[in-house]
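Peer 1: Let me begin by handing over the structure; questions about it come next.
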Amino acid sequence: MGQLQLFVVLCYAIPFFVILFPIGLSFSYIFKITGLDKWSNRINNYLGYFWYRSFFILTGRKLHFVQGNWDPNGNNRFLICNHTNALEVPLIVALPYLAKSKDVKLSYLGGDIIQRYKIIPLMMHKTIVEAVIYSEKKPNFRNFKTDVLRVLKTRSIFLYPEGERTFTEEVKPFQTGVMKIAYKFNVDLDVFVVSGMMGYSNLPEYSHLKKSKTVHFHFCGSIKAKDYSTFESYLAAAETMMKNKKRDLEMIEKSAVTV
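Laid out in structure tokens, this is it:
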């Protein structure tokens, strides 16, 4: 098992071995089924924040979060981010508390992993969060589209447009499936980027990230489908926005360890 895998195991062990999580999720489920959705959601958001904080403290990292002009209470939309490895999940589910908006309602889009695990990924518990599930083995686009539009009526959906973990700091080309839904139904995009997660690996090309011990999580800007005449230009604008911010962050990371 490599160094990155060891950190992933540590990260995902936290919800199992810290008593706060099973207790908190139990209360969240009770609140959910009794109609107290606000309090269920608030517990989930706090647990996500506690998860991220615990992992970063244990691993000696610090987070540089830049919210910019992102409005967490804006209209229901897609929140998108690059997907380096599984260690980004705690950051994503911590976003409401990072933005100091503990009542923000976020959903998450993911595949069969949501069905296989009932506590982790933590906030993807189907019975607590209105997660959108797609099956990689038996895809059903019609049902998937219906689920996406249903969930967007009450909350925003977070997803990774690259469609997979990349295990590299490079932002890979976006997949078109879900993004076509966003464009067709005029769903706004809020673009985020994470940088520095491969500092948890032992690959020599990322040794500078290991030295800096800082992970960056920044808001890049918003994309509105109505501003673009074609889907291709809409997709390219979102991808370019993310890549440009990532390039800027990489320059900051390299300069931080050469000073």
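Here the UniProt record's numbering is used: the first residue of the sequence shown is 1, the next is one more, and so on. Just so it is clear, CB atoms sit at the ideal spot from N, CA and C, and this is done for glycine as well.
#1: Which runs of the beta strand (DSSP E), 3 residues or longer, sit entirely within the stretch 54-102?
#2: Pull up the DSSP beta-bridge partners for residue 285, would you.
#3: So the alpha helix (DSSP H) L20 belongs to, where does it begin and stop?
#4: Is the CB-CB distance between F7 and T84 below 8 Å?
#5: Are the CB atoms of N45 and P90 within a distance shorter than 8 Å?
#6: Using 10 angstroms around the beta-carbon of M251, count the other beta-carbons present and answer buried if the total reaches 16, otherwise exposed.
#7: Check each candidate in S40, I33, S101 and F50 and name the one with the smallest Cα separation from W70.
#8: Exposed or buried, I223, counting other C-beta atoms within 10 Å across all chains shown (16 or more means buried)?
#9: Following the continuous beta strand (DSSP E) through L106, name the residue where it begins and the one where it ends.
#10: Name the one or two DSSP bridge partners that G156 has.
#11: Classify E253: buried if its beta carbon has 16 or more other beta carbons within 10 angstroms, exposed otherwise.
#12: Report the three-state DSSP secondary structure of F217 (helix, strand or coil).
#13: Measuring alpha carbon to alpha carbon, tell me which residue in L47, Y52, Y12 and F144 is nearest S26.
#14: With DSSP collapsed to three states, give me the class of S201.
#15: What is the DSSP secondary structure of V132, reduced to helix, strand or coil?
#16: Give me, in chain order, the residues of the same chain whose beta-carbon lies closer than 7 Å to that of I120; leave out the 5 immediate sequence neighbours on both sides.
#17: Measure from the alpha carbon of F56 to the alpha carbon of each residue in K245, S255, A94 and F174, then state which is nearest.
#18: Within 10 angstroms of the Cβ of S195, are there 16 or more other Cβ atoms? Answer buried if so, exposed if not.
#19: To the nearest angstrom, how far is it from the Cα of Q175 to the Cα of P22?
Peer 2: Taking the structure as given:
#1: 62-66 and 78-80
#2: There is no way to answer for residue 285, as the model of the chain reaches only from 1 to 259.
#3: L20 to I33
#4: no
#5: no
#6: exposed
#7: S101
#8: buried
#9: L106 to G110
#10: Note on identity: in this sequence residue 156 is Ser, with Gly being the wrong assignment. Partner(s): L106.
#11: buried
#12: strand
#13: L47
#14: coil
#15: strand
#16: Confidence is the limiting factor: at I120 the pLDDT is only 48, short of 50, which leaves the residue's position unreliable, though a coordinate-based value still follows. Closer than 7 Å at the Cβ level, and outside the excluded window around I120, lie Y12 and P15.
#17: A94
#18: buried
#19: 35 Å
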